Every structure is written in structure tokens, then in C-alpha cells.
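There are 2 protein chains.
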Amino acid sequence: MTTKDLIAQIHKKKSFLCIGLDTDLEKIPTYLLSEEDPIFSFNKAIIDATHQFAVAYKPNTAFYEACGRKGWKSLTKTIDYLNKNYPEIFTIADAKRGDIGNTSSMYAKAFLQEMGFDSVTVAPYMGKDSVEPFLQFRDKHAILLALTSNEGAFDFQTLEIDNTTLYKKVIEISKDWKNSERLMYVVGATKAEYLAEIRKIIPDSFLLVPGVGAQGGSLVDVCKYGMNKNVGLLVNSSRGIIYASESSNFPEIAAAKAEVIQREMAKQMENL
Amino acid sequence: MTTKDLIAQIHKKKSFLCIGLDTDLEKIPTYLLSEEDPIFSFNKAIIDATHQFAVAYKPNTAFYEACGRKGWKSLTKTIDYLNKNYPEIFTIADAKRGDIGNTSSMYAKAFLQEMGFDSVTVAPYMGKDSVEPFLQFRDKHAILLALTSNEGAFDFQTLEIDNTTLYKKVIEISKDWKNSERLMYVVGATKAEYLAEIRKIIPDSFLLVPGVGAQGGSLVDVCKYGMNKNVGLLVNSSRGIIYASESSNFPEIAAAKAEVIQREMAKQMENL
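From first to last, the protein sequence lines are chains A and B.
Residues 1 to 272, numbered by UniProt numbering, are exactly what the first sequence covers, in order.
Residues 1 to 272, numbered by UniProt numbering, are exactly what the second sequence covers, in order.
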């Protein structure tokens, strides 16, 4: 998907909500467990109920790998379902991959070409040749970890380095990589004030923002510091939406939760 | 596997060779492609032919994920085969994972518990709570990326930070994490002289060393700067062994290549 199409969808739906499909067999309604593929059944129900309020879905691969081959099948079915039924939706494989060049190429092909995701999250530690293979596909994107939303973000990402911090250095250096216009960045909402600094380096890039809701970040602050003229944000919510109900009405409750966020987003977009 | 058992195996075989199972359908002998599971058939043949010269096998997950569900099955069959037939061998899932705490737990369970690998490689960028979940299993290990063997290693890992470098900071800080005695570290052979500095910080830890052979590193230098009283090294070779022949004699040729390296290793161990 082109960035232009993503922006058009955001304006059409008045939403920049990304729903995280962190689907865990221990957390989904128990009556689904008798189905042939409970994870896919859950995802399908969530997607069908919430797609008008969301512009992106983000399965985290850990939850699928934890179920082995079966999980991989559920993931494949989920992305196939999205691509077939909601081709306007932006899809993110939250895989946080990164390896030496030829190996990163294998990951890039797996997620962007074979499975057909629009984007994949990538870890920066191994540098340029570990990330560039994810940037070689037209209309596909790599979403680079810059400042994550967890406690451990302060172990290395915020260390001072050359009169700046590591996460800013990651963003600055990555701008010179080949096809860097296909880069987006992960910036956690729990540190919304950092977004202002980041916008000085990358005013136009899209930011994937986890940590609103369950992890304590505020949507208003994220918009205040991080929104640009094209919105430029994908704000993720996972648990707060998909696990809002444990009973058979979970799709409706998820939709209601997603709509609340979408309305807040529409309000924030009025400031554009 | 305990570190003690790994050391015992190294002394018994006079080898600290790790063979990388970077099994690529485009590189294995073409006659295998008619088999039901060509990747597993190739791995089995390599393992059966080389196990007396190697103490560890390291499938890189990218090569398996690139084949989707089928690839995941090949990976499962490979680790099952190793655990059943060669339980004395140390196994490494070269997955370079790392995510927020509860998500890292899913990866840790998948590789260390469900699949039964002895260890998994982990990326440090997201810090303590992204790595500790991999350290909670008795007799299992996380192998943390410190200084990798690729060009991109110089983008961030060697940046100066607090009068040291990022990769040394990663090692130093990780020593304080819970169950850090279960940590090993990836240190590329292409920068063997760096090993001396690293040994000042972690004299006793095991180092997984990629980049000998195809990537240009020297075994003699790695041993000179990196070997400790318990050897403390796992030196990886992938392409130089597994793709040494493209015909049906590939297992014998792989064994011959592995034996050459094992003999060099035995010679280096005489210096202990």
C-alpha cells in the first residue's frame, strides 16, 4: 500500500487506529476453543466487527509462533482474510526481525512478498544492511524500532551518544539508507513528549505508536506532540479492544471500544 | 543443557564447532527437491555426517519462515531429530527475537519449551524486560547480540557512549539482569581483536562467534583473543560446510570440511 492510500483511508474513516491482534488462546472466549482454528475465528470476528473504525491491523508474530505450525497457519489465514476482504486496510507484521543482509532478505520475502503484509517491524541493532532488505519492495514499508513503550527502552535507547540519544541517532542514520522513504518508526506513547523531538528529525514519516491505553499513554498527548499535516500516526491498541469482553458478545464490545477511540481520533483530527 | 555438559562435550570431541543450518531450497542439491520434506532431508544428512565433529547446531529461523508453514514443520522435525538422536548436542534457535516482556515470554516458550531448543539468540535494543523472559528456564540459555559480524555492526554497536561503546555497554548492563549466568553473547569473528576487550568484561561467558570462513574471520585470532580456560567459544560455520558440494556426496564433503575445522580447533585447544 502506498503512503498516499494510507493517508486517504485515515481521512475517510477519521481514524488512525491500529488494532493489535495479539491473539492468545488463554485469553479468547473459551467457547471458541472447540472451533477448528480458534485463533483465526477470533481474529475474523474482531476484524469484521471493527474494520470501519480501524485503518490498520497488527498481528504480533510471537503469539502465532507460540502455537507452532498451527499458529503459522492462523497467521496466514488472517493476513489472507484481510487482503481479500479489506484490501484498503494497512497490515503490519509485528515481528521485530533483523539479521545479516542475506538473512534479512529471507524475512523480508516471507512477510512482505509471500504472506503479503504491507509492512513489518524491524530492530535496528544490526544496522543498515540488516534493515535495507526490508525496504526493497515497492509500496511496502519497514517500521523501525526507535523508542519502544517498555521499561527496558531506558536501558539503551535513551543513552547519551554524540550529544544526542541512541534512539535519535537510529532515526537520523536510518534517513540515509536506501529507499528510506519507505521507513516508518515505532515510538512508544508512554513517552509522548519525546515525540516533539522526533518530529524535528522526521517531520513527515509515519509513526507507529504502541502503549496507548493498557500501557498508560495518552492519545491527546500523542497527537499534541506527534501529529503532522498528514496525521502521520498509527496509534495501536490491542488488549483494550480485543479482550474487552470474555463472552460471545466480544465482537460487539470490541467494536464499541474501537469506536470510542475512533471518535477521540476524529476530534483530534479537527485540529489539522 | 548445562554449561558444564557443553564444556564436557567440547573436551570429549576436541571441538567447539557450531554448524549453521541455514538451509535454502535454492542452494541444496536439486535431487532432494523431489523428497517430501527436502529441508529436513538435507538437515538430517548434514547432521548424521557431521555430528562427531560439531558440538552445536544452529538453524537460522529466517530460512524456515521463508517457506511458511512447511518451513516451520521442517524446523520442528530438525530440532526433534537432534534432541532424540544427539541429545548431547547443544542447539541454538538463531531467531534474534526481542519484544516487550509478555511477548518475549511467548517467544521464549515457543523456542525453549515447546520446540525444545537449548538456547535462542536475542536482540538487546529493547532492554532488560525484553531479554529476561528468555532467562527464566533452568539449563536453557539466551545468546545476546553484542557485536555482530556484518557491516552494519559499525552503524550503532561501535558508537561511543559513556567512554565506552554501545556493544560493551550492552554486555556490562546485561550482567546485572536476573539469571544472567544463563547469558551467552554473539561476537563476530571479523573483529577478533575486539574479543580481548570483551573478555575483560565477561571472562567466563560463552561466546557464539559467527563469521569465520565465508565472512573472513580467522580461527587462530578468535582463539588468541577469545578463548578462556573452559574454551568458552562456539565458532559457527554455515555455508562453508553445508554447501561445500552440490552433488549427492554433499554429506561426505560437509563432514570432510567439518573435520578440517575440528582438527584446527583440537590444535588450538592444546594451548589450554
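Glycine is no exception: its CB is placed at the ideal position from the N, C-alpha and C atoms.
Quick caveat: nothing in here was measured; it's all calculated off a predicted structure.
query                                                                                                                        : result
The stretch 246-253 of chain A / the stretch 13-30 of chain B touching (three or more Cβ pairs under 8 Å)                    : no
Endpoints, beta strand (DSSP E) assigned at PHE90/A                                                                          : 90-97
CA nearest to the CA of LYS13/A, picked from ILE39/A, GLU35/A and ALA56/A                                                    : ALA56/A
Close Cβ partners of ALA108/A (< 6 Å) along its chain, the five nearest in sequence each way excluded                        : PRO133 and PHE134
Ranges of the alpha helix (DSSP H) found wholly within the stretch 85-167 of chain A, counting only runs of at least 4       : 101-108, 128-131 and 153-156
Under 7 Å from the C-beta of GLY101/B: neighbouring residues of chain A                                                      : ASN150
Residue nearest to GLU65/A in terms of C-alpha spacing, selected from PRO38/B, SER104/B and LEU82/B                          : SER104/B
Beta-bridge partners of CYS223/B, as assigned by DSSP                                                                        : In the DSSP output, where bridge partners are listed per residue, CYS223/B has none listed.
Distance cut-off 6 Å: GLU259/B Cβ against heavy atoms of the ligand FAD                                                      : In terms of ligand content, the structure shown is empty, and the ligand FAD therefore cannot be addressed.
Short CB-CB distance (under 7 Å) between SER34/B and chain A                                                                 : no
Identity of the residue in LYS168/B, LYS175/B and PHE154/B nearest LYS169/A by Cα                                            : PHE154/B
Own chain, CB closer than 8 Å to GLU172/A, minus 5 neighbours either side, in chain order                                    : THR164 and ILE201
MET115/B and ILE79/B closer than 7 Å at C-beta                                                                               : yes
Cut-off 6 Å between Cβ atoms - residues of its own chain near GLY232/B, not counting five sequence neighbours on either side : PHE206
Closer than 8 Å at the beta carbon, the chain A residues around ASP129/B                                                     : ASN150, GLU151 and GLY152
Residue environment, VAL260/A, which counts as buried when at least 16 other CB atoms sit within 10 Å                        : exposed
Continuous beta strand (DSSP E) assignments of at least 3 residues falling wholly in the stretch 177-214 of chain B          : 183-187 and 207-209
Counterpart residues of GLY20/B in DSSP-defined beta bridges                                                                 : LYS58/B
Local conformation of residue 276/B per DSSP, three classes                                                                  : Since the first residue of chain B shown is 1 and the last is 272, residue 276/B is not available in this structure.
Selected residue, minimal CA-CA separation from THR50/B, among GLU270/B, MET269/B, ILE253/B and ALA8/B                       : ILE253/B
THR61/A versus PHE137/B, GLU36/B, PHE117/B and ASN102/B, residue with shortest Cα-Cα distance                                : ASN102/B
Cutoff 7 Å: SER192/A Cβ touching any chain B Cβ                                                                              : Looking at the sequence provided, one finds Ala at residue 192/A rather than Ser. Chain B, which has no Cβ nearer than 7 Å to the Cβ of ALA192/A, makes this no.
Rounded C-alpha distance that separates TYR86/B from LYS267/B                                                                : 25 Å
Where the stretch 155-170 of chain B meets chain A: residues whose CB sits under 8 Å from a CB there                         : ASP155, PHE156, GLN157, LEU159, GLU160, ILE161, ASP162, LEU166, LYS169 and VAL170
Simplified DSSP state of SER237/B, which is helix, strand or coil                                                            : strand
GLY217/A, DSSP secondary structure in three states                                                                           : strand
Straight-line gap, TYR167/A to LEU147/A (C-alpha atoms, nearest Å)                                                           : 6 Å
Burial state of PRO124/A, where buried means 16 or more other Cβ atoms lie within 10 Å                                       : buried
Residues of its chain near LEU272/B, where Cβ-Cβ distance is below 8 Å and the 5 sequence neighbours each way are ignored    : MET227, LYS229 and VAL231
Residues, ordered as in the chain, of the stretch 115-145 of chain B that lie near chain A by beta-carbon distance below 7 Å : ALA123, PRO124, TYR125, MET126, GLY127, LYS128, ASP129, SER130 and LEU145
Spatial distance of VAL235/B from ILE242/A (CA atoms)                                                                        : 45 Å
7 Å Cβ cutoff, LYS175/B in contact with chain A                                                                              : no
Which listed residue (PHE111/A, SER119/A, GLN113/A and ASP99/A) has its alpha carbon closest to that of THR91/A              : SER119/A
Burial state of LEU33/B, where buried means 16 or more other Cβ atoms lie within 10 Å                                        : exposed
C-alpha gap between ALA110/A and THR76/A, whole angstroms                                                                    : 11 Å
DSSP beta-bridge partners of VAL231/A                                                                                        : ASN228/A
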